[in-house]
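**Q** Residue numbers (our numbering): 750 to 1066.
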Ligand code: ATP
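#1: Would you mind stating whether residue 804 and residue 780 have Cβ atoms separated by less than 8 Å?
#2: Taking only heavy atoms of the ligand ATP into account, decide whether any of them is closer than 7 Å to the Cβ of residue 835.
#3: Could you name each continuous alpha helix (DSSP H) segment of 4 residues or more that falls completely within the segment 871–902, going from the start of the chain to the end?
#4: Can you tell me whether residue 995 is buried or exposed? The criterion is at least 16 other CB atoms within 10 Å of its CB, across all chains shown.
#5: Taking its Cβ as the centre, do 16 or more other Cβ atoms sit within 10 Å of residue 983, making it buried, or is it exposed?
#6: Measuring only from the beta carbon, is residue 816 closer than 7 Å to any heavy atom that is part of the ligand ATP?
#7: Can you tell which of 770, 752 and 1040 has the C-alpha that lies nearest to the C-alpha of residue 901?
#8: Using the Cβ count rule (16 or more neighbours within 10 Å means buried), how would you classify residue 933?
#9: Can residue 861 and residue 850 be called in contact, C-beta distance under 8 Å?
#10: Do the segment 1034–1049 and the segment 892–911 touch if we need at least three Cβ pairs shorter than 8 Å?
#11: With a cut-off of 8 Å, do at least 3 Cβ pairs link the segment 991–1005 to the segment 945–959?
#12: Identify, in the order they occur along the chain, each residue of the same chain with its Cβ nearer than 7 Å to the Cβ of residue 766, setting aside the five sequence neighbours on each side.
#13: Report, in whole angstroms, the separation of the C-beta atoms of residue 821 and residue 815, which I expect to be a contact under 8 Å.
#14: Per DSSP, what are the beta-bridge partners of residue 1041 in this structure?
#15: Can you give the beta carbon distance from residue 758 to residue 792, rounded, assuming they're within the 8 Å contact cut?
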């Protein structure tokens, strides 16, 4: 019996980047939020002769070999739990690739949870979180999802309570950006001492974002949005700045690039308002999504299989 998993994208409502650590990673302070835009994975175990991992994905920019985070998640799960049955995974990408929306990380988290369910090990959350941390900085968040404050390299998470929710327009121009390049350019442009002098100010702004989100106060949330990486990517890709400015000029309470970009999101008070804001960037080449914040990172669907089209709708309740 296959398990179908929805792997939700994440946005950063706040992202302050601190000093680069000796291991090459940066200290972060972030407010992460799952959104309804998602990939769909069908995961099955076969106990017969079959290839070790049968992985299908038709998206041209997604590697189908060991470089795929789904492959790495399956391998890590097998090693951790000492299992080895052939696994079949079909991945239907709804999240744009290399966008700053954590698509690969969401898929890895979904694969871990689907396997955990298939092997009837729902109690092993601590071990799954540890595995997730080894797979990538955003995978621990994707495993839990919802709204969380993230510290360290993104692995130290504090889940925050459910909130009234926000509508969003997400715009993604053609092509991705290299996360490593964006961080390297930020270090060149803005060296941060090992003490991270700006941390206190970042904490205050993040607290304001958390409060605004909890109160459903869109203008206050818009004021608190922040991303240290935006200045770098907006310099590399001027259309990213253009999109953000167009959203704001069209009346969005806030607009910001997510992660290292180039995806840009705008806050909206309703689905209708999100539709109006979307019109502001229609002239720019790229993809547009209307979506909402959601309270989890992965949703397992254990019922009857539905058509791919149905489950790809990007605006869940
Ligand atoms: P990051 O900031 O970690 O680069 P992102 O959210 O910007 O993440 P992803 O959509 O995760 O971007 O893709 C980054 C790269 O990871 C892609 O260029 C692709 O080669 C590779 N990749 C590996 N596994 C996946 C996957 N399951 N889905 C999408 N891309 C994947």
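A virtual CB, placed ideally from N, CA and C, is assigned to each residue, including glycine. Keep in mind it's a predicted model, so treat the numbers as computed, not measured.
**A** Quick answer:
#1: As a first step, residue 804 is located in the chain shown; it is residue number 55 there, counting from the start. As a first step, residue 780 is located in the chain shown; it is residue number 31 there, counting from the start. No, the Cβ-Cβ distance between residue 804 and residue 780 is not below 8 Å.
#2: Taking the first residue of the chain shown as 1, we reach residue 835 at position 86. Answer for residue 835: no, Cβ out of range of the ligand ATP.
#3: Here the runs fully enclosed are 874–884 and 888–893.
#4: Taking the first residue of the chain shown as position 1, residue 995 is located at position 246. So residue 995 ends up on the buried side.
#5: As a working note, residue 983 is residue 234 in the chain shown. That one is buried.
#6: Here residue 816 refers to the residue found at position 67 when the chain shown is read from its first residue. Checking the Cβ of residue 816 against the ligand ATP gives yes.
#7: If you number the chain shown from 1, residue 901 lands on position 152. Of 770, 752 and 1040, the smallest CA-CA separation from residue 901 is found for 770.
#8: Within the chain shown, the letter at position 184 stands for residue 933. Exposed, because fewer than 16 other Cβ atoms sit within 10 Å of the Cβ of residue 933.
#9: Taking the chain shown and counting its residues from 1, the one referred to as residue 861 is at position 112. Taking the chain shown and counting its residues from 1, the one referred to as residue 850 is at position 101. Contact: no.
#10: yes
#11: no
#12: Translated into positions along the chain shown, residue 766 becomes position 17. Correct list, in chain order: 775, 777, 935, 977 and 978.
#13: Counted from its first residue, the chain shown places residue 821 at position 72. Counted from its first residue, the chain shown places residue 815 at position 66. Their Cβ separation, rounded to whole angstroms, is 7 Å, which keeps residue 821 and residue 815 in contact under 8 Å.
#14: Here residue 1041 corresponds to residue number 292 of the chain shown, with the count starting at 1. Paired residue(s): 916.
#15: Taking the first residue of the chain shown as position 1, residue 758 is located at position 9. Taking the first residue of the chain shown as position 1, residue 792 is located at position 43. About 19 Å separates the two Cβ atoms, so there is no contact after all.
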